[in-house]
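Step one of this worksheet: look at the structure below.
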Amino acid sequence: MLKVENVSGGYDGETIVKDIHFSVGKGEFFGILGPNGSGKTTLLKMMSGLLELEQGEVKIDDRSISDLTKKQLAKKMAVLPQLSPQVFPYTVKETVSLGRYAHHRGFFQTWTDEDENIVQKVMKQTNISHFQDNSVMEHSGGEQQRIFLAQALVQKPDILLLDEPTNHLDLAYQKELLDLLRTRAREEGLTVVAILHDLNLASLYCDKILLMDNGETRAVADPDDVFSEELINHVYQTEVVKQPHSKIAKPQLHLLPGKKSEREGEQVKIDENMLSISPERIVLQSKQPLKTVSSGVVGAGAGWYSNFVNRHVDATYNCTNHREEMREYLTNHGFPVSQTVGMMTAVTLEDNSYRVYEGDGFSVMIVVTAGVGNAVDSTRENSPVAAPVKPGTINTWIFVNGKLTDEAYIQSIITATEAKAQVLRDCHILDAHTKKQATGTSTDSILVAATQQGKEIDYAGTATELGAIIGRGVYQEMKQSIQHYFKRKKMHDHLSFN
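For what it's worth, the numbering used here labels the leading residue of the sequence shown as -7, then goes sequentially.
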């Protein structure tokens, strides 16, 4: 559809854009990114025919744009430049209608029902039809941006070039505009080429991205390949961290501030002194948020949290929306939901066991509450017929005073799960329905939280020091908690704890 072949050019004899080469297919959303002064707008002007090329060619359907008349080019390509402060005193509808000029033989001399229908449809799509009779000058920069986008769309082009179209738009309108462009690209085959400033928006909406720096190409690829930390750090001269979007398969970039606040720089060490234990709940509160991976009722997944709550509920607890009920509980007891991981257990909290384990340059605190009244074998083929659920949940907290990689978080959970299974084997805990070895209970939960300060720890498998400490620590604290559980239940004599 659109080919830019070895294009160079600039202003007043100065070459700004140098040997740019890429192609955009029909229906693709193509983004142009780069820091200020990298040549993005200059390139767009050359692509639109507003600026002559020093070398190279711009082609539409294998035909050079230099071979097209202005009117022929206008039927193929529309341009939405950066918003200008110079706005003429036309009404909104009159301004939008100017986009139909390329399809007329004379200026407004052949206005048809088709023209009217197209204008009204596009004004509705861009959410400006309700003020179509107002003067353009009456409206904000964001509204004017939508007006001029509508003008470009009524042109019914095959290709739409946009220079920072989300400028002056609030968050909702940015999404609305980009959703509209992507829908037109996918459903109507519109080819969209847009200069964008927001890298994360570009990642969400663009099929392919050109990254420019000093007028040259640094990368042309899909967002995941363009957004490497090393490349973005080099081009933008700032430090970013690449993370996957939590809902869709797109990368997102997070800026790292250059100077930490006094509070952010404060060192924190998790130990027993931070624990508060009562019959109602076990709480750990940290002065600094901890990077956490958990399966909590509240705060599940990955995030940064300061409060950790293991709440006792009665064995008969039944709620249609346990997450919402837990949020209300936390709020009512002074724990901000956005800063808290919350778990539930029917186990009596006095059966807890915890301890700090020291490693070489790091330490680990493990807290366990365990009961085995509803122990299950995870390998059983069929779930048993519904039966009364007995109290018993194994909740495991692992706090690491150190800096963990993503691999170390995942491996910590694997190592802890292996240790849990070994405890249940050694304690001869059976699935009540299959009479086979239990591997856990039906409602187990776990969290791994780290200060992300101090020693960097890459791995937590059983062959590593951290993994060995987690395995041994989870085994010992869980076994101790189960012993407390059975001792309180007066069942200790029925089991062997070798």
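Glycine included, C-beta positions come from ideal geometry on N, C-alpha and C.
For residue i and residue j, what's the separation of their Cα atoms in angstroms?
i      : j      : result
PRO383 : VAL368 : Residue confidence is low: PRO383 scores 46 on pLDDT, short of 50, so the model does not pin down where it sits. Its coordinate-derived value is still stated next. Computed Cα separation, rounded: 13 Å.
LEU396 : GLY5   : 53 Å
THR361 : MET470 : 7 Å
THR332 : PRO27  : 38 Å
HIS420 : GLN429 : 7 Å
PRO380 : GLY19  : Bear in mind that a pLDDT of 46 at PRO380, under 50, signals an unreliable position, so the model cannot answer this.
ASP205 : ASP190 : 16 Å
LYS184 : HIS122 : In the sequence under discussion, the amino acid at residue 184 is Val, which differs from the Lys named in the question. Rounded to the nearest angstrom, the two C-alpha atoms are 27 Å apart.
LYS427 : GLY365 : 14 Å
LYS85  : TYR93  : 14 Å
ASP59  : GLU49  : 11 Å
ASP54  : GLY17  : 12 Å
GLY325 : SER30  : Here residue 325 turns out to be His, not Gly, going by the sequence shown. Near 53 Å, if we compare the C-alpha coordinates of SER30 and HIS325.
LYS67  : ASP107 : 14 Å
THR410 : LEU458 : Note on residue identity: the sequence assigns Glu, not Thr, to residue 410. So the alpha carbons of these two residues sit roughly 14 Å apart.
GLU316 : GLN403 : 31 Å
LEU172 : SER89  : 19 Å
HIS96  : VAL128 : 23 Å
LYS479 : TRP389 : 22 Å
LEU141 : SER56  : 25 Å
GLN47  : ASP11  : 8 Å
ILE8   : LYS113 : 40 Å
SER287 : GLY134 : 42 Å
ALA438 : SER268 : According to the sequence displayed, residue 438 carries Ile and not Ala. Those two C-alpha atoms are separated by around 19 Å.
THR175 : ALA70  : 17 Å
LYS37  : LEU72  : 11 Å
HIS304 : MET318 : 11 Å
LEU203 : ASP214 : 11 Å
Measure the Cβ-Cβ separation of residue i and residue j and say whether it is below 9 Å.
i       : j      : result
VAL290  : LEU322 : yes
GLY394  : ILE449 : yes
ALA177  : GLU156 : no
GLN414  : TYR346 : no
ASP150  : LEU182 : yes
VAL212  : ILE224 : no
ASN302  : MET266 : no
VAL(-4) : LEU43  : no
THR209  : HIS13  : yes
GLY453  : LEU188 : no
GLN137  : LEU169 : yes
GLN147  : THR158 : no
SER161  : THR118 : Per the sequence shown, the amino acid found at residue 161 is Leu instead of Ser. Cβ distance not < 9 Å, so LEU161 and THR118 don't count as in contact.
VAL348  : VAL339 : no
SER220  : LYS200 : no
ASN387  : ASP418 : no
Can you tell me whether residue i is buried or exposed? The criterion is at least 16 other CB atoms within 10 Å of its CB, across all chains shown.
i      : result
LEU153 : buried
SER40  : buried
GLU87  : In the sequence on display, residue 87 carries Thr and not Glu. Answer is buried; the Cβ neighbour count reaches 16.
TYR401 : buried
CYS311 : exposed
HIS476 : buried
ASP423 : buried
PRO271 : exposed
PRO243 : buried
ILE240 : exposed
ASP343 : buried
LEU282 : buried
LYS412 : buried
Name the DSSP bridge partner or partners of residue i?
i       : result
LYS(-5) : SER15 and LYS51
TRP103  : BP columns for TRP103 are empty, so no partner.
LYS395  : GLU448
LEU422  : GLN429
LYS200  : PHE22
LEU247  : VAL232
GLN277  : ASN299
ILE358  : ARG347 and ILE390
The ligand HEM heavy atoms versus the CB of residue i: any closer than 8 Å?
i       : result
MET(-7) : The ligand HEM is not part of this structure, which contains no ligands at all.
Using a Cβ cut-off of 9 Å (strictly closer), state whether residue i contacts chain B.
i      : result
PRO215 : Considering every chain present, this structure includes no chain B. It has just one protein chain.
Quiz prompt | Touching by the beta-carbon criterion (3+ pairs, under 8 Å), the segment 297 to 310 and the segment 272 to 284 | solution = Yes: the two stretches touch, three or more of their Cβ pairs being nearer than 8 Å.
Quiz item: Do three or more CB pairs link the segment 257 to 264 to the segment 438 to 446 at distances below 8 Å?
Solution: Touching, per the Cβ criterion.
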